[in-house]
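J.: Encoded as structure tokens, here's the structure I'll be asking about.
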Amino acid sequence: MKHFTMGELCASTTADTHGIKNTPPLQEAGNLKALADNVLDPLREWYGNPIHVNSGYRCPPLNRLVGGAPTSQHTKGEAADITAGSKEENRRLFEHIRRNLPFDQLIDEKDFAWVHVSFRRDGNNRGQVLKL
């Protein structure tokens with residue numbers, strides 16, 4: 028983890044507001060590290076500018092509170108919603124990931140309002156590209 032910290036991959040104003048401790052267990056922390064090492068850090072090095080994590084790890088109570096799917100990869104520490112600050116820049120991030128980096132799911136969320144990317148450290152990455 029070169030450009031991202033565990034703290035920013037777990038940060039949540041919603042968790043803070045509701046007094047939820049959003050600390051990942053060991054397995055999930057390892058998954059977050061793998062996501063950063065294999066996708067987020069290489070993306071940041073290519074991009075050359077900050078990338079903000081809107082949502083990374085979500086403990087089950089936080090995930091329920093924000094309306095996340097019960098099977099969300101966020102609860103496993105395998106996913107992050109990221110933004111570079113604009114739809115145009117988010118599209119650039121999306122396309123670079125799609126063409127150059129390993130991923131399980133890559134989702135254009137709300138016409139590039141943000142990008143959801145996930146990575147499975149067990150190697151079973153589907154390379155699934157979606158638009159929501």
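Convert by adding 27 to the 1-based position in the sequence shown; the result is the number in the numbering used here. We put the CB at the ideal spot given by N, CA and C, even for glycine. Model, not experiment: these values are computed from the prediction.
Compute the distance between the beta-carbons of residue 109 and residue 156, then report whether it is under 8 Å.
T.: Taking the sequence shown and counting its residues from 1, one reaches residue 109 at position 82. Taking the sequence shown and counting its residues from 1, one reaches residue 156 at position 129. Not a contact, by the Cβ cut-off of 8 Å.
J.: If we ignore side chains and look at the alpha-carbon of each, how far apart do residue 58 and residue 107 end up?
T.: For the purposes of this step, residue 58 is identified with residue 31 of the sequence shown, where counting begins at 1. For the purposes of this step, residue 107 is identified with residue 80 of the sequence shown, where counting begins at 1. Residue 58 and residue 107: Cα-Cα distance of roughly 11 Å.
J.: Under 8 Å by Cβ, that's how I've got residue 80 and residue 41 pegged, so tell me the actual separation to the nearest angstrom.
T.: Residue 80 sits at position 53 when you count from the first residue of the sequence shown. Residue 41 sits at position 14 when you count from the first residue of the sequence shown. Wrong, their Cβ atoms sit about 14 Å apart, outside the cutoff.
J.: What's the call for residue 194, buried or exposed, on a 16-neighbour Cβ count within 10 Å?
T.: With the chain represented from 28 up to 159, any question about residue 194 goes unanswered, as that position is not in the structure.
J.: Based on Cα-Cα distance, which residue from 51, 29, 78 and 75 lies nearest to residue 65?
T.: As a working note, residue 65 is residue 38 in the sequence shown. Ranking 51, 29, 78 and 75 by Cα distance to residue 65 puts 29 first.
J.: For the pair the stretch 115 to 128 and the stretch 94 to 106, tell me if three or more CB-CB distances fall below 8 Å.
T.: no
J.: Suppose you measure from the CA of residue 153 to the CA of residue 90; what does that come to, to the nearest Å?
T.: Walking along the sequence shown from the start, residue 153 turns up at place 126. Walking along the sequence shown from the start, residue 90 turns up at place 63. The straight-line gap from Cα to Cα measures roughly 23 Å.
J.: Provide the residue span of the beta strand (DSSP E) that contains residue 128, from first to last.
T.: Working through the sequence shown from its first residue, we reach residue 128 at position 101. Neither: residue 128 is in no beta strand (DSSP E) and is coded neither H nor E.
J.: Would you report the Cα separation of residue 158 and residue 142, rounded to the nearest angstrom?
T.: To locate residue 158, count along the sequence shown from 1; it is residue 131. To locate residue 142, count along the sequence shown from 1; it is residue 115. Answer to the nearest angstrom: the Cα atoms are 10 Å apart.
J.: Using the C-alpha atoms, what's the distance from residue 68 back to residue 129?
T.: As a position in the sequence shown, residue 129 is number 102, starting the count at 1. As a position in the sequence shown, residue 68 is number 41, starting the count at 1. Rounded to whole angstroms, residue 129 to residue 68 spans 12 Å at the Cα level.
J.: Taking the alpha helix (DSSP H) that residue 40 falls in, what are its first and last residues?
T.: In the sequence shown, counting from the first residue as 1, residue 40 sits at position 13. Per DSSP, residue 40 belongs to the alpha helix (DSSP H) from 40 to 44.
J.: What are the boundary residues of the alpha helix (DSSP H) that residue 36 is part of?
T.: For the purposes of this step, residue 36 is taken as the residue at position 9 of the sequence shown. Residues 33 to 37.
J.: By Cβ distance, which residues of its chain are closer than 7 Å to residue 35, with the 5 residues on each side in sequence left out?
T.: On the sequence shown, position 8 is the one that residue 35 refers to. For residue 35, same chain residues with a beta-carbon under 7 Å away, outside a window of 5 residues either side, are 80 in chain order.
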